[in-house]
Amino acid sequence: MPELQIIVSFNKPDEAQSIYKERWQIETVFKALKTSGFNIENTHLTDVDRIDKLFALVLIAFVWAYKVGIFLDSLRPIKIKKHGRRAQSLFKYGLTYLANVLYFNDIDRFSQCCKFLSCT
Numbered sequence: 005m006p007e008l009q010i011i012v013s014f015n016k017p018d019e020a021q022s023i024y025k026e027r028w029q030i031e032t033v034f035k036a037l038k039t040s041g042f043n044i045e046n047t048h049l050t051d052v053d054r055i056d057k058l059f060a061l062v063l064i065a066f067v068w069a070y071k072v073g074i075f076l077d078s079l080r081p082i083k084i085k086k087h088g089r090r091a092q093s094l095f096k097y098g099l100t101y102l103a104n105v106l107y108f109n110d111i112d113r114f115s116q117c118c119k120f121l122s123c124t
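Everything in the sequence shown is counted per this note's numbering, starting at 5 for the first residue and increasing by one.
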């Protein structure tokens with residue numbers, strides 16, 4: 005049974021639900037960047053230029069893992085729990101897969117994963 009959510013909006017109430025969905029996606033990204041994947045808050049960098057570069061690389065890695073997770077979910081869908089949500093996020097699914105590919109030095113699967121980074 006889906007969870008009941010009450011969304012209060014005084015500005016564009018007819019669009020409140022779609023706006024909330026977009027906001028929730030942003031919260032999910034923040035969770036992945038912080039506690040659920042990259043722990044970016046644990047950096048000891050203080051130089052703004054280095055932080056910018058680190059953040060850019062982490063965002064590329066996030067998108068890569070997310071796209072791999074979407075692809076994997078199309079092949080072998082993530083189990084849906086009783087409460088109706090996935091057992092893990094698409095990001096975590098892709099990140100775990102990429103980590104295993106790198107850990108086990110699986111060159112063939114790594115090259116397949118690299119195709120997700122190409123625009124062609």
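Note that beta-carbon positions come from the ideal geometry of N, C-alpha and C, so glycine has one too.
The alpha helix (DSSP H) enclosing residue i, as first and last residue numbers
| i | result |
| --- | --- |
| residue 75 | 52–79 |
| residue 43 | Unbroken run through residue 43: none, as it is neither H nor E. |
| residue 98 | 94–107 |
| residue 115 | 111–118 |
| residue 37 | 20–37 |
Bridge-paired residues (DSSP) for residue i
| i | result |
| --- | --- |
| residue 90 | 84 |
Residue from the options whose Cα sits closest to the Cα of residue i
| i | options | result |
| --- | --- | --- |
| residue 80 | 86, 68, 69, 94 | 94 |
| residue 66 | 20, 89, 103, 53 | 103 |
| residue 74 | 117, 109, 105, 25 | 117 |
- Do the region 36–45 and the region 10–27 touch if we need at least three Cβ pairs shorter than 8 Å? no
- Message: Count Cβ pairs between the region 96–114 and the region 57–76 that sit closer than 8 Å; are there 3 or more?
- Response: yes
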